[in-house]
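Residue numbers (the numbering used here), protein chains in the order written: chain A, 31 to 290; chain B, 31 to 290.
2 protein chains.
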Amino acid sequence: MASQEYPKTAANTVKRYGNDRASYDYKTIHTIINTCPVLHVSFADPTNPFPAVLPMIGCTGDFTNPSADPNTLPQNIYIHGYVSSRLMKTGSSPDSEEGLPITIAATHLDGLVLALTPNHCSCNFRSAIAFGYATLVTDEAEKTWAMEKITNNMLPTRWENSRIPPTQTEMTSTSILRVKISSASAKVRAGGPGEDRADLKDEALKKRVWTGVVPVWMQWGEPMPGPENKVDEVPGYIEGWRMRANQEGRVEAFKAIESE
Amino acid sequence: MASQEYPKTAANTVKRYGNDRASYDYKTIHTIINTCPVLHVSFADPTNPFPAVLPMIGCTGDFTNPSADPNTLPQNIYIHGYVSSRLMKTGSSPDSEEGLPITIAATHLDGLVLALTPNHCSCNFRSAIAFGYATLVTDEAEKTWAMEKITNNMLPTRWENSRIPPTQTEMTSTSILRVKISSASAKVRAGGPGEDRADLKDEALKKRVWTGVVPVWMQWGEPMPGPENKVDEVPGYIEGWRMRANQEGRVEAFKAIESE
Chain A
31 MASQEYPKTA ANTVKRYGND RASYDYKTIH TIINTCPVLH VSFADPTNPF
81 PAVLPMIGCT GDFTNPSADP NTLPQNIYIH GYVSSRLMKT GSSPDSEEGL
131 PITIAATHLD GLVLALTPNH CSCNFRSAIA FGYATLVTDE AEKTWAMEKI
181 TNNMLPTRWE NSRIPPTQTE MTSTSILRVK ISSASAKVRA GGPGEDRADL
231 KDEALKKRVW TGVVPVWMQW GEPMPGPENK VDEVPGYIEG WRMRANQEGR
281 VEAFKAIESE
Chain B
31 MASQEYPKTA ANTVKRYGND RASYDYKTIH TIINTCPVLH VSFADPTNPF
81 PAVLPMIGCT GDFTNPSADP NTLPQNIYIH GYVSSRLMKT GSSPDSEEGL
131 PITIAATHLD GLVLALTPNH CSCNFRSAIA FGYATLVTDE AEKTWAMEKI
181 TNNMLPTRWE NSRIPPTQTE MTSTSILRVK ISSASAKVRA GGPGEDRADL
231 KDEALKKRVW TGVVPVWMQW GEPMPGPENK VDEVPGYIEG WRMRANQEGR
281 VEAFKAIESE
């Protein structure tokens, strides 16, 4: 279904193992981004040969069509955080409407894949890369909407369960970037170890070296109240989210081993 | 101890919260990189306004001084994986000895910090950014040494507990990059929530909104043998590493809450 995919361009076409592991559909890409607690955001720094990279938080969304289903429609990526205004200006393309060209990477590690020889060892992972143009969100309604979206993407219903709306000072001191995606791709490695054919015939080797997958996921531990906390019990929306996230992470990691 | 730090340059000096959260010392930076199972590697693509970003694995090391203590001496970063040879050439600086300018990011998420208002919410994290010049390792001895180092950095003693040395085909098909670090920095956020002064005086708000930290770490699950595995019990070096990694991740996440 070509219409539910990001276009393939020179930037996003996956070259290594592209046939087996790449996908371009909205659902896969948006899900990887929205379940990844840290995004790595990269952009050129004109004063420097090295790209800048910042760990940031964010999620997909579309303010002009807020009920758009991210499984079937393209999205923007909203990012919480600060990119120097100098870069926002100098990095802008000649058409200054377009904004700063940035690359957003989201990676989930699902397992360590152990083969008979280190050269066949691998990782199970799901990663997404999105290329797009970032602009600062200045409209207050869009900014508040994006803050709510990013907060609740991290911890569902936290926004309405805390002190809102933001004060004017908070609005001014918080930056939100809207990234218009021009292309994006996902890459997924799943399954067990692949082996060298000669190694598989070596029975002594196979009796000596353990092969398989060690699954891995993000584990959220018991919430620790801060010194100012006055709520005795950890609320259900926090515990529910934590249990669900741990369970889903675990299930994904084990499921990856079985699928190919 | 200035001699045990990477130099501060325009590229690596941390601007946001630089005084509280930044450090430049070898030990902090190398530890974050070597305990991070996925590194995000970024470099300019001359055909494209967007930097390329690849998730890769790697660790620090110094082949010319293999016993160099990473806590007190600078290191290279060795990365396992493939960067198009076109880029390795076109990206090289005029002095072609220097190699491709790349940025390596390593991020550990330690917790979700929940304040009374979403605008004071934050994350506990440890991140390192290294800037350097990447060249392809062509010397066979250095390449094998780096493969061993990267394998054992991920899972200690896995190298010697599997089929080695690599075959000639494996040597040819595996690429290792050596990144000479020109500057690097680390940024660490720890502690509990910071609050707005007005919110702290609002007792009704404090009775309604739970505040504190939800710690998080990478959890390695039970190893799942592959279809070709003939070793009945999971070896001790795998289980020992797994238990240690889970314990250390958990301890780091809880320790971060207590420190400021």
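Ideal Cβ positions, reconstructed from N, Cα and C, are used throughout, including at glycine.
What you are looking at is a predicted structure, and each value in this text was computed from that prediction instead of being measured.
CB contact below 7 Å: residue i versus chain B
i              : result
R219 (chain A) : no
V281 (chain A) : no
P76 (chain A)  : no
I236 (chain A) : With the sequence shown as reference, residue 236 (chain A) is identified as Lys, and Ile is not the correct amino acid for it. Taking Cβ atoms only, chain B reaches closer than 7 Å to K236 (chain A), which makes this a yes.
N149 (chain A) : yes
H70 (chain A)  : yes
E258 (chain A) : yes
D295 (chain A) : With chain A covering 31 to 290 only, the question about residue 295 (chain A) has no answer from this structure.
T61 (chain A)  : no
D169 (chain A) : no
Selected residue, minimal CA-CA separation from residue i, among the options
i              : options                        : result
D92 (chain B)  : B:M177, B:M248, B:A234         : B:M177
Q249 (chain A) : B:D50, B:G279, B:P79           : B:G279
K45 (chain B)  : A:S114, A:K38, A:E258          : A:S114
V281 (chain B) : B:G141, B:T77, B:P148          : B:G141
N106 (chain B) : B:G221, B:A214, B:M273, B:P253 : B:A214
I180 (chain A) : A:T199, A:Y56, A:I134, A:I109  : A:I109
W247 (chain A) : B:A160, B:P67, B:S53           : B:P67
S192 (chain B) : A:P148, A:R156, A:V243, A:I287 : A:P148
L146 (chain B) : B:G222, B:F73, B:G48           : B:G222
I87 (chain B)  : B:N49, B:I134, B:E172          : B:I134
D75 (chain B)  : A:E225, A:K260, A:G256, A:P131 : A:P131
K210 (chain B) : B:G256, B:V167, B:D229, B:V243 : B:V167
A158 (chain B) : B:A52, B:P265, B:P85, B:G111   : B:A52
E364 (chain B) : A:V71, A:K217, A:M254, A:I268  : Residue 364 (chain B) is absent from the structure shown; chain B starts at 31 and stops at 290.
T102 (chain A) : A:L84, A:L144, A:D55           : A:D55
K173 (chain B) : B:P245, B:Y47, B:P196          : B:P196
N42 (chain B)  : A:A283, A:G266, A:L84, A:E190  : A:L84
A98 (chain B)  : B:A216, B:G242, B:Q34          : B:Q34
N183 (chain A) : A:K38, A:T65, A:T77            : A:T65
K236 (chain B) : A:V143, A:A82, A:N259          : A:N259
Reduced DSSP category for residue i - H, G, I as helix; E, B as strand; rest coil
i              : result
A82 (chain B)  : strand
A98 (chain A)  : coil
N154 (chain A) : strand
P257 (chain B) : coil
N149 (chain B) : helix
N276 (chain B) : helix
E190 (chain A) : coil
P124 (chain A) : Residue placement at P124 (chain A) cannot be trusted, given a pLDDT of 49 that sits under 50; the coordinates are not used to answer.
G221 (chain B) : coil
G111 (chain A) : coil
N42 (chain B)  : coil
Y267 (chain A) : helix
T61 (chain A)  : helix
A74 (chain A)  : coil
I287 (chain A) : helix
Where the beta strand (DSSP E) containing residue i begins and where it ends
i              : result
G141 (chain A) : 130–144
Sheet register partners of residue i (DSSP bridge)
i              : result
L235 (chain B) : Answer by DSSP bridge pairing: none, since L235 (chain B) is not bridged.
L69 (chain B)  : B:M86
K210 (chain B) : B:N106, B:Y163
Q249 (chain B) : A:W247
E35 (chain A)  : A:D55
A216 (chain B) : B:S53, B:A158
G91 (chain B)  : B:N106
P242 (chain B) : The sequence as given places Gly at residue 242 (chain B); Pro does not occur at that position. DSSP, once it has assigned bridges, lists A:P255, B:L144 as partnering G242 (chain B).
Where the alpha helix (DSSP H) containing residue i begins and where it ends
i              : result
R227 (chain A) : 227–230
W175 (chain B) : 170–184
A200 (chain B) : Before going on, a small fix: residue 200 (chain B) reads as Glu here, not Ala. Its alpha helix (DSSP H) spans residues 198–203.
Within-7 Å CB hit, residue i to chain A
i              : result
M86 (chain B)  : no
M248 (chain B) : yes
W175 (chain B) : no
Y47 (chain B)  : no
D140 (chain B) : no
M273 (chain B) : no
V261 (chain B) : yes
F93 (chain B)  : no
A135 (chain B) : yes
R51 (chain B)  : no
P81 (chain B)  : yes
S192 (chain B) : yes
The ligand COA heavy atom lying under 6 Å from the CB of residue i
i              : result
Q277 (chain A) : This structure does not include the ligand COA; it has no bound ligands of any sort.
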